[in-house]
Amino acid sequence: MSAGRAPAELPALDELRLARDAGAGLRIAGFLAVPALLALACAGLWLHVRRQHLDALEQPHLTADAIRDSLVQHLVMTGLGAGAAVLVGVPLGMLAARALGRGGGRALITLGNVARAAPALGVLVLAALLVDERPRYEAAAALAAVAVLPVARVVAVGLRRVDRSLIEAARGVGMTRGEAWRRISLPLGLPAALAGVRVALGIAVAGAALAAYTGAGGLGELIRDGIRDERDVVILAGAVLLGVLALALDWFVRLAEALARPRGT
Amino acid sequence: MGFVDHLADRWRTLVELAGEHAALVAIAVALATVVALALAIPLRRRPWAAGVLVGAGGALLAVPSLATLGLLTMVIDRGDLAALIALAICAVGPVLRGAVTGLRGVDPATLEAASGAGMGPGARLMRIELPLAWPAILAGMRVATAITLGIGAIAAVIDGPGLGEEILLGLSRDGASDALDIALGGVLGVLVLGILFEAAYALARRLTVPRGIR
Amino acid sequence: MSGNGAGVPAIRLEGVTRTVAGREEPVVSELTLEVGAGELVALAGPEGSGKSTVLRLVNRLVEPTAGSVVLGGEAVAGIDPDRLRRRIGYLPPGLGLFPHMTVAQNVAVTPRLLGWSKERMDERVDELLGLLGMEPKADRGRHPRELTPAQAARVGIARALAAEPPVALLDDPLAGLERTDRDLLASRLARVQARLRTTLVVAMRDPAEAAGLASRVVVLKRGKLVSDGPSGRAEPEPQTLPADVPELGSALARLALTHVGDLEPGERITAMETDPDGTAEALRRSGGRPVLLLDIGGRPVRWVRARDLEPSEDGPGGTAATVVDDDVTLQNALDAMLTAGVGAVAVVDETGAYRGVLDFDLVAAALRDEPEEAGPSAARRGGRRRRRRGAPE
Chain A
1 MSAGRAPAEL
11 PALDELRLAR
21 DAGAGLRIAG
31 FLAVPALLAL
41 ACAGLWLHVR
51 RQHLDALEQP
61 HLTADAIRDS
71 LVQHLVMTGL
81 GAGAAVLVGV
91 PLGMLAARAL
101 GRGGGRALIT
111 LGNVARAAPA
121 LGVLVLAALL
131 VDERPRYEAA
141 AALAAVAVLP
151 VARVVAVGLR
161 RVDRSLIEAA
171 RGVGMTRGEA
181 WRRISLPLGL
191 PAALAGVRVA
201 LGIAVAGAAL
211 AAYTGAGGLG
221 ELIRDGIRDE
231 RDVVILAGAV
241 LLGVLALALD
251 WFVRLAEALA
261 RPRGT
Chain B
1 MGFVDHLADR
11 WRTLVELAGE
21 HAALVAIAVA
31 LATVVALALA
41 IPLRRRPWAA
51 GVLVGAGGAL
61 LAVPSLATLG
71 LLTMVIDRGD
81 LAALIALAIC
91 AVGPVLRGAV
101 TGLRGVDPAT
111 LEAASGAGMG
121 PGARLMRIEL
131 PLAWPAILAG
141 MRVATAITLG
151 IGAIAAVIDG
161 PGLGEEILLG
171 LSRDGASDAL
181 DIALGGVLGV
191 LVLGILFEAA
201 YALARRLTVP
211 RGIR
Chain C
1 MSGNGAGVPA
11 IRLEGVTRTV
21 AGREEPVVSE
31 LTLEVGAGEL
41 VALAGPEGSG
51 KSTVLRLVNR
61 LVEPTAGSVV
71 LGGEAVAGID
81 PDRLRRRIGY
91 LPPGLGLFPH
101 MTVAQNVAVT
111 PRLLGWSKER
121 MDERVDELLG
131 LLGMEPKADR
141 GRHPRELTPA
151 QAARVGIARA
161 LAAEPPVALL
171 DDPLAGLERT
181 DRDLLASRLA
191 RVQARLRTTL
201 VVAMRDPAEA
211 AGLASRVVVL
221 KRGKLVSDGP
231 SGRAEPEPQT
241 LPADVPELGS
251 ALARLALTHV
261 GDLEPGERIT
271 AMETDPDGTA
281 EALRRSGGRP
291 VLLLDIGGRP
301 VRWVRARDLE
311 PSEDGPGGTA
321 ATVVDDDVTL
331 QNALDAMLTA
341 GVGAVAVVDE
351 TGAYRGVLDF
361 DLVAAALRDE
371 PEEAGPSAAR
381 RGGRRRRRRG
391 APE
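Residue numbers (our numbering), protein chains in the order written: chain A, 1 to 265; chain B, 1 to 214; chain C, 1 to 393.
Given below as structure tokens:
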């Protein structure tokens, strides 16, 4: 692998293995670096905003109270939307995983993929036009509807690795149904379910930002108003906070996925 | 006025916006594919690079597109250009994942056979590695296309092109009798594009993936 | 051959050492080895003995830490690696067939790089597939995943030999095959080598099995040469069979390494299927033994006895004829005889036309005699046995 040797050479197996270990170390390092980078981004934003002279269009968005309110609104929409999508989508994906083994798998993958094209903005707008009562809950319901099929898809694909013959083998060596579930299905299926959680949170956190356009609030309001009023510092604050929130959520689920992954896979 | 009459009425506008939307997505995915291959090909023999590239691509996808779009409007004045770049950034992740998986999935014995047959690095890449990685790259492009189609609607919030215009128009007419029809037309338009792209990818797979690895 | 003078070895390794970072013991240690032009050498040794590395040193897939590799009098270090590799056939361990290419494209990969014409490539592909016992017409358009392991190994060998290289290196081409397939392909490979006169180095794990392929076996262990067969062995006559199986030396082992084509088939009374009178006449002459019926193309159809000619409701009576061609081993032919229920199989030529009959007596006679080879081959066998006992493996 080293650059010093003849370029025509392919790496020997030992050399590859060493390099792969180095790769794992690098990945762990990168994993640990994420929280630090996110904290750094927040600190940088804070320093930057403090140094600005804020005008009347900027000031109201950037008080601690306003930002806290936006953040809470955002988290409520994200949590409700993703939670509902997980509650429906994960069992749906588990059911679909069985169909995957048989014939209908291709159709399901295609359906899940087309569903990813559903525009969150459009579904949010439709929900707002249809109900027009409590924007935050409508938004959460819309996000759940957008996320549910992609969640089911990623769960079904992840579960494909859990071969049914494994369960049968476990039953064959004398495990009860409950034991087989606890010792085979759960450890092998948990990473797939967590992947579903990650997809749900990703779609919900990004979609909740668009809910600002239907009057549901959230961090998207900063970006919307910043663009409208042409105030870069407001856009910057909204974008950085939104990005940090999304990456932090993603990081937490990835951490859980890494911990839940059975050794040897 | 029913939804069908509405569609008949606004047919031309919808087709025009759908064309813009499709073009925006297609260019963004093409751009993302070029970037992903430009990263994945030179780094395909570096074992550390696989995790780093896939992780970085996943992070790009995890950042909400409105945040990316907002940041881009600070430096780019043209709405369509900012939207295009925001979409391309979202699309890089899935394509990168496909390219890394595909290129690293090539059997080492196959590579050694290619070298042993007298292929130089360039011939090996073009005749062996890329053809074998192509199904995975294509699958990544397919996922990227679906995701950017959905995200593409937000281009309208910065006056970018596409069916998002129709969705926001419906929102702005909240209370009017045709508001829902207009927004629904935009949403369904995106889904129809999704089905058409899906069919196009199925066809592309049939036509471009060699029979031996289909 | 490569046009070099008779005295120049095709391959020469001079004190070659190869060390790898992170490993104390060298993969190959001060190895000196010569392979003569047109020679067939088996390189044997367990996993990690360095035999793969030796092959890869020759075509510069890896570089020596010390020492030099000389190919036909020219140091390989001075040759552009890609050009060098187009001159050397190579089959990596695990075959490494290109899954997205057809059999023909796989075989023609180096000829294409060398810019051969399409006609010449097609011709070469068909020739090699035929030599290796595949069906060029039917098999050239198939893809690797449609092949059995034995067929895949044949394609891999054909690919290594495609560009008419003076030297070819095969890294464990028979790995993963079943015993009978290994024996079949080993004898086939030896015959192809004798015919093409390619300098061939074949790495294999098992020294005993390597001895079944080549009469010179070089055994490696932990990168060092442990034993080497007599390098000055008599060149085999082009048509001589490599059936001098040592050690496995029982008659039964010879069954797997002798082919129908090596025997003269016997005569039997035949008749045309479409000619009942002729059939009746033939049955009278045969004295109770079954008569072989041929179709109008001269191809064997079935065996009949007198009672089979009586009218019956089940259509034509008799036993369907089992046919074998020259490339079938005696072992498989014997198997066919036992299951056919007639105690004989019909031998056919390439067109499927009748050439004669093989029965138990002929096979038994062939195993008993082992003609003209007895002297020298017995001596060689003795030598090899001593070597093997000396080897620590």
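Where is the CB? At the ideal position from N, CA and C, for every residue including glycine.
On a predicted model such as this, the values are computed, not experimentally measured, just so you know.
Taking only the alpha-carbon atoms, compute the straight-line gap between residue i and residue j and give it to the nearest angstrom.
i                 : j                 : result
Leu236 of chain A : Cys90 of chain B  : 19 Å
Pro35 of chain A  : Ala258 of chain A : 16 Å
Trp48 of chain B  : Ala256 of chain A : 22 Å
Ile296 of chain C : Val304 of chain C : 17 Å
Asp225 of chain A : Tyr213 of chain A : 10 Å
Gly249 of chain C : Leu189 of chain C : In this prediction, Gly249 of chain C scores a pLDDT of 46, lower than 50, which makes its location untrustworthy; no coordinate-derived value is stated.
Glu372 of chain C : Gly212 of chain C : Note that Glu372 of chain C scores 42 on pLDDT, short of 50, meaning its location in the model is unreliable; the coordinates nonetheless yield the value given after this. Using only the alpha carbons, I get a separation of about 19 Å.
Gly22 of chain C  : Lys221 of chain C : 20 Å
Ala168 of chain C : Arg182 of chain C : 19 Å
Leu108 of chain A : Ala115 of chain A : 10 Å
Gly232 of chain C : Glu123 of chain C : Model confidence at Gly232 of chain C stands at a pLDDT of 33, short of 50, so the residue's coordinates are unreliable and nothing is read from them.
Val52 of chain B  : Leu24 of chain B  : 28 Å
Report the residue from the options whose alpha carbon sits nearest the alpha carbon of residue i.
i                 : options                                   : result
Gly156 of chain C : C:Gly141, C:Asp172, C:Met204 and C:Val357 : C:Asp172
Leu184 of chain B : A:Leu201, A:Val125, A:Cys42 and A:Asp55   : A:Val125
Ile88 of chain C  : C:Gly94, C:Ala152, C:Pro111 and C:Ala66   : C:Pro111
Gly318 of chain C : C:Leu294, C:Met134, C:Ala186 and C:Pro165 : C:Leu294
Ala40 of chain B  : B:Glu129, B:Gly152, B:Asp178 and B:Ile147 : B:Glu129
Ala152 of chain C : C:Gly96, C:Asp228, C:Ala210 and C:Thr274  : C:Gly96
Arg179 of chain C : C:Asp325, C:Arg18 and C:Glu209            : C:Glu209
Ala117 of chain A : B:Ala62, B:Val54, B:Leu196 and B:Arg78    : B:Leu196
Under a CB-based cut-off of 8 Å, is residue i close to chain B?
i                 : result
Ile67 of chain A  : no
Leu259 of chain A : no
Pro135 of chain A : no
Thr148 of chain C : no
Met121 of chain C : no
Thr214 of chain A : yes
Ala209 of chain A : yes
Using a Cβ-Cβ cutoff of less than 6 Å, which residues in the same chain neighbour residue i once the five nearest sequence positions on both sides are dropped?
i                 : result
Arg142 of chain C : Val103
Ala243 of chain C : Note that Ala243 of chain C scores a pLDDT of 43, beneath 50, so its modelled location is shaky; the value from the coordinates is reported in the next line. The answer, listed in chain order, is Leu257 and Thr258.
Leu283 of chain C : Val291 and Ala306
Gly158 of chain A : Ala192 and Ala195
Using beta carbons (cut-off 8 Å, strictly below), is residue i in contact with chain C?
i                 : result
Met119 of chain B : yes
Ala109 of chain B : yes
Ala204 of chain B : no
By Cβ distance, which residues of its chain are closer than 8 Å to residue i, with the 5 residues on each side in sequence left out?
i                 : result
Leu194 of chain A : Val253, Ala256, Glu257 and Ala260
Arg145 of chain C : Pro99
Pro135 of chain A : Ala128, Ala211, Thr214, Gly215, Ala216 and Gly217
Only counting the same chain, and skipping five residues up and downstream in sequence, which positions put a Cβ closer than 7 Å to that of residue i?
i                 : result
Val328 of chain C : His259 and Val260
Arg10 of chain B  : Gly185
Leu40 of chain C  : Ala190, Gln193, Leu200 and Ala214
Gln52 of chain A  : Val233
Using a Cβ-Cβ cut-off of 8 Å, state whether residue i counts as contacting chain A.
i                 : result
Leu14 of chain B  : no
Glu129 of chain B : no
Ala59 of chain B  : yes
Val95 of chain B  : no
Arg211 of chain B : no
Arg10 of chain B  : no
Compute every distance between the C-beta of residue i and the non-hydrogen atoms of the ligand NAP, then say whether any falls below 7 Å.
i                 : result
Ile235 of chain A : Absence of the ligand NAP from the depicted structure is noted, as is the absence of any ligand whatsoever, leaving it without description.
Segment contact, 8 Å Cβ cut-off, at least three pairs: the region 132-141 of chain B with the region 176-184 of chain A: no
The region 68-78 of chain B / the region 8-24 of chain B touching (three or more Cβ pairs under 8 Å): no
Cβ contact (3+ pairs, closer than 8 Å) linking the region 113-133 of chain A and the region 142-161 of chain A: yes
Residues, ordered as in the chain, of the region 63-75 of chain B that lie near chain E by beta-carbon distance below 7 Å: Absent from the structure: chain E. Protein chains present are A, B and C.
Validate contact between the region 237-246 of chain A and the region 215-225 of chain A using beta carbons, cut 8 Å, 3 pairs: yes
Stretch-stretch touch, CB-based, cutoff 8 Å, three pairs: the region 197-205 of chain B with the region 141-156 of chain B: yes
Stretch-stretch touch, CB-based, cutoff 8 Å, three pairs: the region 111-129 of chain C with the region 52-72 of chain C: no
Validate contact between the region 156-166 of chain B and the region 103-120 of chain B using beta carbons, cut 8 Å, 3 pairs: no
Three CB pairs or more closer than 8 Å across the region 147-156 of chain B and the region 114-121 of chain C: no
Validate contact between the region 77-89 of chain B and the region 20-35 of chain C using beta carbons, cut 8 Å, 3 pairs: no
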